[in-house]
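Visitor: Counted the way the numbering used here counts, the sequence shown spans residues 1 to 261. Please find one structure pasted underneath; my questions will follow.
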Amino acid sequence: MFDYHMHSRVSFDGHDRGMDMALAAKAAGLKEICFTDHLDYDPLGRMGVMAFDTAAYDAEYDALEVPGLKLRKGMEFGLTVDNRAQFQKDLRRRHFDFVLGSIHFVDDQDVYFPPFWEGKSVFEAERRYLEATLACVRIHDDFDVLAHLTYIGKTTAHHALRPVPYAEHRELVDEILKTLAAKEKGLELNTSGMDRCGAFLPTADYFRRFKELGGQIVTVGSDAHTAARVGQYSMEACGILRDIFGYVCTFEDRKPIFHKL
């Protein structure tokens, strides 16, 4: 099994050594993992440094080896509508096997915290988040896979935690999925929502629709920020993708590899 979304202490919000996370992956029976530390930027500069240090990244991973476990090096870039130039600059930091694109800031606010939610119903907050996501995937071309499409469903400031219902946002979600498919970008099945809102991010119906709209690339990631969460629900997530696609993807040199399930 695979875990293609994890953060060690290299990320501003990570906790454990890369070695500890790799050993946890081996113990969990995983075959391959990818470290995807944060390159994120607060548009208003209130959150401090959210982008990893390249020297720290290199020191953490370049000599890291665990027998029987394939290790890949990636990153998670926080997409906004106006940071394409920063993205291209960060891609030149070093070689990456895999690049996640994610949306954490909308209208200059971190959607994880209360200010974004002020004056919005749950539906309105979800809608604005998905509108921003569509704008970002239309503008950006440099990522490989869109991370946690329904991330907003697990945020601590959510009025009533729930997985974002596909049916309530069908037309908008379809435009996101069509754009990903047309650009040959992938969709991540992120398992971190299971302990927050009781569902994968996004849920299986999004992946069925992604396939109907021509999407082909799918990955699984735990979004672990500690060794204890590495590979969490990976087997169940791969089961969902097996039933819908028959495979799951990993990456090498920014190219997808399809693994039959």
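Quick reminder that beta carbons are idealized off the backbone N, C-alpha and C, glycines included.
Would you tell me roughly how many angstroms separate the C-alpha atoms of LYS183 and ALA22, rounded to the nearest one?
Guide: Numbered from 1 along the sequence shown, position 183 holds the residue referred to as residue 183. Numbered from 1 along the sequence shown, position 22 holds the residue referred to as residue 22. Spanning the two alpha carbons is a distance of roughly 32 Å.
Visitor: Within the continuous beta strand (DSSP E) that includes CYS34, where are the two ends?
Guide: By one-based count along the sequence shown, residue 34 stands at place 34. Taken as a continuous stretch (DSSP letters only), the beta strand (DSSP E) holding CYS34 covers 32-39.
Visitor: How about the region 235-244 and the region 36-44: do they share at least three Cβ pairs that are nearer than 8 Å?
Guide: Because the criterion of three Cβ pairs below 8 Å is not met, the region 235-244 and the region 36-44 do not touch.
Visitor: What is the residue span of the alpha helix (DSSP H) that LEU177 lies within?
Guide: What you label residue 177 is simply residue 177 of the sequence shown in a count that begins at 1. From DSSP, the alpha helix (DSSP H) with LEU177 extends over 170-182.
Visitor: Could you tell me which of LEU71, ASP110, ALA51, LYS73 sits nearest to LYS89, measuring between CA atoms?
Guide: The residue you call residue 89 lines up with position 89 of the sequence shown. Comparing Cα positions, the closest option is ALA51.
Visitor: Return the CA-CA distance between PHE98 and LEU146, expressed in angstroms with no decimal places.
Guide: If you number the sequence shown from 1, residue 98 lands on position 98. If you number the sequence shown from 1, residue 146 lands on position 146. Just so you know, the alpha carbons of PHE98 and LEU146 end up roughly 11 Å apart.
Visitor: Under 8 Å, do THR150 and LEU69 count as touching if we go by C-beta distance?
Guide: Counting from one through the sequence shown, the residue named residue 150 turns up at place 150. Counting from one through the sequence shown, the residue named residue 69 turns up at place 69. No, the Cβ-Cβ distance between THR150 and LEU69 is not below 8 Å.
Visitor: So PHE263 packs on PHE2, CB below 8 Å; how close in whole Å?
Guide: What the structure shows of the chain is the stretch from 1 to 261, and residue 263 is not part of that stretch, so it cannot be assessed.
Visitor: Can you check DSSP and say which residues form a bridge with PHE77?
Guide: Position 77 of the sequence shown holds residue 77. BP columns for PHE77 point to LEU39, GLY101.
Visitor: Could you tell me the distance, in whole angstroms, from the CA atom of PRO115 to the CA atom of ASP107?
Guide: Position 115 of the sequence shown, counted from the first residue, corresponds to residue 115. Position 107 of the sequence shown, counted from the first residue, corresponds to residue 107. Their Cα atoms are separated by approximately 11 Å.
Visitor: Buried or exposed for GLU126, please, with buried defined as at least 16 other CB atoms from any protein chain shown within 10 angstroms of its CB.
Guide: Within the sequence shown, the letter at position 126 stands for residue 126. With 16 or more Cβ atoms within 10 Å of its Cβ, GLU126 is classed as buried.
Visitor: Can you tell me whether DSSP reads GLN109 as helix, strand or coil?
Guide: Residue 109 sits at position 109 when you count from the first residue of the sequence shown. Strand, per DSSP.
Visitor: Give the C-beta separation of LEU172 and LEU213 to the nearest angstrom, bearing in mind that I take them to be a contact with Cβ-Cβ under 8 Å.
Guide: Translated into positions along the sequence shown, residue 172 becomes position 172. Translated into positions along the sequence shown, residue 213 becomes position 213. Wrong, their Cβ atoms sit about 13 Å apart, outside the cutoff.
Visitor: Who are the near neighbours of PHE12 in its chain, counting only those whose CB is closer than 7 Å to its CB and skipping five residues on each side?
Guide: Taking the first residue of the sequence shown as position 1, residue 12 is located at position 12. Beyond the five residues adjoining it in sequence on each side, PHE12 comes within less than 7 Å, by CB distance, of HIS38, VAL49, MET50 in the same chain, given in chain order.
Visitor: What residues match up with THR150 in a beta bridge as DSSP calls it?
Guide: Position 150 of the sequence shown, counted from the start, is the residue given in the question as residue 150. In the DSSP output, where bridge partners are listed per residue, THR150 has none listed.
Visitor: Which first and last residues belong to the alpha helix (DSSP H) in which TYR247 is found?
Guide: Numbered from 1 along the sequence shown, position 247 holds the residue referred to as residue 247. If you look at TYR247, you'll find it isn't in any alpha helix (DSSP H); it sits in the beta strand (DSSP E) that goes 247-252.
Visitor: Would the beta-carbon of GLY193 fall within 8 Å of that of PRO163?
Guide: Taking the first residue of the sequence shown as position 1, residue 193 is located at position 193. Taking the first residue of the sequence shown as position 1, residue 163 is located at position 163. Going by C-beta atoms, GLY193 is nearer than 8 Å to PRO163.
Visitor: May I ask you to report which of helix, strand or coil DSSP gives GLY186?
Guide: On the sequence shown, position 186 is the one that residue 186 refers to. GLY186: strand per DSSP, three-state reduction.
Visitor: Does DSSP put VAL49 in a helix, a strand or coil?
Guide: In the sequence shown, the residue the question calls residue 49 occupies position 49. In the structure shown, the three-state DSSP call for VAL49 is coil.
Visitor: Considering only their Cβ atoms, is the gap separating THR155 from GLY186 smaller than 8 Å?
Guide: Looking up residue 186 in the sequence shown gives position 186. Looking up residue 155 in the sequence shown gives position 155. In this structure, THR155 does not lie closer than 8 Å to GLY186 by Cβ.
Visitor: Tell me where the alpha helix (DSSP H) around LYS26 begins and ends.
Guide: To locate residue 26, count along the sequence shown from 1; it is residue 26. Residues 18-27.
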